[in-house]
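Undergrad: Structure below; questions to follow.
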Amino acid sequence: MMRRTHLKKAPPLNRQPDKASIVQMPNDQMPNDQMPNAQMPNEFGTGQNELNFARIETAIAFIVDNFQDQPSLTEIAAVVDISPFHFQRLFCEWAGVSPKKFLQYLSLEHAKAALGTGRATLLDAAFDSGLSGGGRLHDLFVAIEGMTPGQFKLH
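Be aware that the sequence shown starts at 1, since it is given in this note's numbering, and climbs by one per residue.
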């Protein structure tokens with residue numbers, strides 16, 4: 001069984017303040033775009049696209065910092081404070097691949113770098129990449145690179 005190490009924390013998101021934290025003017029003195037039921041203007045925070053961009057940026061940084069621990073979808077979604085379902089959908093929309101596939105690409109690239117030095121064994125490269133064993137590394141190589149790790153190491 002893999003032992004979990006402490007995951008690195010991602011930086012906090014720039015959050016949009018809630019309407020209760022904004023001092024309200026009487027409605028007759030408030031511009032139309034700042035009416036209580038209108039969307040909050042940009043000077044009070046970011047729009048939805050900026051918030052989603054920040055979430056994905058934070059998630060990617062978290063995945064890159066913690067790929068060797070192979071964080072789960074739930075752990076990554078918790079970092080950006082949304083449900084795993086919505087995070088999966090948002091990540092795919094913004095990054096073009098699923099969080100799992102992104103994590104696999106990072107693990108594979110790390111293993112390829114380790115194997116490229118010529119000093120690491122296949123098993124060392126697999127474990128150093130956060131994978132459970134040589135078989136998992138083999139499966140990733142065949143699925144993504146179209147060759148085995150041994151073939152890659154020979155080139």
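For every residue, glycine included, the Cβ atom is placed at its ideal position computed from N, Cα and C.
All values derive from a computational prediction rather than experimental measurement.
(1) With distance defined between alpha-carbon atoms, name the residue in Ile56, Pro149, Asp139 and Lys101 nearest to Leu122.
(2) Considering only their Cβ atoms, is the gap separating Ala111 from Phe102 smaller than 8 Å?
(3) Gly116 by DSSP, collapsed to three states: which one?
(4) Can you tell which of Ala59, Glu109, Leu154 and Gly130 has its C-alpha closest to the C-alpha of Phe91?
(5) What is the rounded straight-line gap between the Cα of Arg136 and the Cα of Ala126?
(6) Looking at C-alpha atoms only, which residue of Asp69, Asp128 and Tyr105 is the closest neighbour of Leu115?
(7) Sort Ala143, Ile56 and Glu50 by Cα distance to His86 and report the nearest one.
(8) Please say whether Leu108 and Val64 have beta carbons closer to each other than 8 Å?
(9) Are the Cβ atoms of Pro99 and Ile76 separated by less than 8 Å?
(10) Would you say Gly146 and Asp69 are within 8 Å of each other, going by their C-beta atoms?
(11) Alpha carbon to alpha carbon, how far is Gln48 from Leu154?
(12) Expressed to the nearest angstrom, what Euclidean distance is found between the alpha-carbon atoms of Val79 and Asn52?
(13) Can you look up Pro41 in the DSSP assignment and give me helix, strand or coil?
(14) Could you give the C-beta distance for Leu140 and Gln104, rounded to a whole number, given that I count them as a contact under 8 Å?
TA: Considering the structure as presented:
(1) Mapped onto the sequence shown, residue 122 falls at position 122. If we check each option's Cα against that of Leu122, Pro149 comes out closest.
(2) Translated into positions along the sequence shown, residue 102 becomes position 102. Translated into positions along the sequence shown, residue 111 becomes position 111. Cβ atoms of Phe102 and Ala111: not closer than 8 Å.
(3) The residue labelled residue 116 in the question sits at position 116 within the sequence shown. Three-state DSSP puts Gly116 in a helix.
(4) In the sequence shown, counting from the first residue as 1, residue 91 sits at position 91. The candidate whose alpha carbon is nearest that of Phe91 is Ala59.
(5) As a first step, residue 136 is located in the sequence shown; it is residue number 136 there, counting from the start. As a first step, residue 126 is located in the sequence shown; it is residue number 126 there, counting from the start. About 8 Å.
(6) Numbered from its first residue, the sequence shown carries residue 115 at position 115. It is Asp128 whose Cα lies nearest to the Cα of Leu115.
(7) Counting from one through the sequence shown, the residue named residue 86 turns up at place 86. With distances taken between CA atoms, His86 lies nearest to Ile56 out of Ala143, Ile56 and Glu50.
(8) For this step, residue 64 is matched to residue 64 along the sequence shown. For this step, residue 108 is matched to residue 108 along the sequence shown. Leu108 is positioned such that its CB atom lies no closer than 8 Å to that of Val64.
(9) For the purposes of this step, residue 99 is taken as the residue at position 99 of the sequence shown. For the purposes of this step, residue 76 is taken as the residue at position 76 of the sequence shown. Less than 8 Å separates the beta-carbon of Pro99 from that of Ile76.
(10) One-based indexing of the sequence shown puts residue 146 at position 146. One-based indexing of the sequence shown puts residue 69 at position 69. Going by C-beta atoms, Gly146 is not nearer than 8 Å to Asp69.
(11) For this step, residue 48 is matched to residue 48 along the sequence shown. For this step, residue 154 is matched to residue 154 along the sequence shown. Looking at the two C-alpha atoms, the distance is approximately 48 Å.
(12) To locate residue 79, count along the sequence shown from 1; it is residue 79. To locate residue 52, count along the sequence shown from 1; it is residue 52. Approximately 13 Å, taken between the alpha carbons.
(13) Here the question's residue 41 lines up with position 41 in the sequence shown. With a pLDDT of 41 at Pro41, under the threshold of 50, the modelled position of this residue cannot be trusted, and the question is left open.
(14) As a first step, residue 140 is located in the sequence shown; it is residue number 140 there, counting from the start. As a first step, residue 104 is located in the sequence shown; it is residue number 104 there, counting from the start. Leu140 to Gln104, Cβ: 6 Å. Contact.
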